[in-house]
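Visitor: Supplied in structure tokens, the structure appears directly below.
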Amino acid sequence: MRPLHAGLASGRWQTMTLATQLGNVGSEYERALNWQKRGDAAHFENAFVRMLELLDLTITDQRWKNHRLKELVRLREVICEEFCGENNEVRDSRDLRQYFLYFGILARSLADERV
2 MRPLHAGLAS GRWQTMTLAT QLGNVGSEYE RALNWQKRGD AAHFENAFVR MLELLDLTIT
62 DQRWKNHRLK ELVRLREVIC EEFCGENNEV RDSRDLRQYF LYFGILARSL ADERV
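Letter by letter, the sequence shown follows residues 2 to 116 of the working numbering.
Next up, the structure:
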């Protein structure tokens with residue numbers, strides 16, 4: 002399958018900080034949540050696939066082949082269970098939204114320091 006984020010997959014993703022990477026994953030997570038709540042299956046699936054692609058790029062980033070790898074792989078499992086799990090009970094997405102929000106704030110803060 003051809004990458005949706007070809008520019009990122011070609012190496013640009015590996016130049017970003019972990020905070021920036023997870024902030025971007027979080028943006029796609031929010032999009033997927035919003036489309037799911039609206040009941041738009043096609044847009045939800047597109048956002049979900051983009052999110053997984055970005056998360057997989059993060060997981061395969063050689064810089065995170067340390068204590069972070071376990072958390073990243075677990076994060077993928079939790080997200081997939083939330084969106085695709087057989088348990089049909091309503092899930093509270095606030096924890097993951099908060100998790101990603103912190104990375105977005107940190108990424109923005111680090112970017113502002115470089116300016």
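Built from N, CA and C at the ideal position, the CB exists for glycine as well. The structure displayed is predicted, hence computed values, not measured ones.
1. Quick one: residues in its chain with C-beta nearer than 8 Å to the C-beta of residue 59, no 5 flanking neighbours on either side, listed in chain order?
2. Which residues in the same chain as residue 85 place their Cβ atom closer than 6 Å to its Cβ, once the five residues preceding and following it in sequence are excluded?
3. Considering only C-alpha positions, which residue in the set 29, 40 and 39 is nearest to residue 52?
4. Assuming residue 33 contacts residue 48 under a Cβ cut-off of 8 Å, what Cβ separation, rounded to an integer in Å, is found between them?
5. Hey, would you say residue 77 sits closer than 7 Å to residue 56, going by beta carbons?
6. What's the C-alpha gap between residue 41 and residue 35?
7. Apply the 10 Å Cβ neighbour rule to residue 106 and answer buried if 16 or more other Cβ atoms are within range, or exposed otherwise.
8. Looking at the structure shown, is residue 52 part of a helix, part of a strand, or coil, going by DSSP?
9. Less than 8 Å between C-beta atoms, sequence neighbours within five positions excluded: which residues of the same chain meet that for residue 109?
10. Taking the alpha helix (DSSP H) that residue 18 falls in, what are its first and last residues?
Guide: On the basis of the data shown:
1. Numbered from its first residue, the sequence shown carries residue 59 at position 58. Answer for residue 59: 14, 19, 22, 23, 26, 65 and 73, listed in chain order.
2. Looking up residue 85 in the sequence shown gives position 84. Hits under 6 Å: none found.
3. Position 51 of the sequence shown, counting from 1, holds the residue named residue 52. Out of 29, 40 and 39, 29 has the C-alpha closest to the C-alpha of residue 52.
4. In the sequence shown, the residue the question calls residue 33 occupies position 32. In the sequence shown, the residue the question calls residue 48 occupies position 47. That pair is a contact at about 4 Å.
5. Against the sequence shown, residue 77 aligns to sequence position 76. Against the sequence shown, residue 56 aligns to sequence position 55. Contact: yes.
6. Indexing the sequence shown from 1 puts residue 41 at position 40. Indexing the sequence shown from 1 puts residue 35 at position 34. When rounded, the distance between both Cα atoms is 9 Å.
7. Residue mapping note: residue 106 aligns to position 105 of the sequence shown, counting from 1. Flag for residue 106 reads exposed.
8. Numbered from 1 along the sequence shown, position 51 holds the residue referred to as residue 52. Residue 52: helix per DSSP, three-state reduction.
9. The residue given as residue 109 occupies position 108 in the sequence shown. Within the same chain, Cβ atoms closer than 8 Å to the Cβ of residue 109 are found at 24, the five residues on either side in sequence being excluded.
10. Position 17 of the sequence shown, counted from the start, is the residue given in the question as residue 18. Boundaries cannot be given for residue 18, as no alpha helix (DSSP H) includes it and DSSP labels it neither H nor E.
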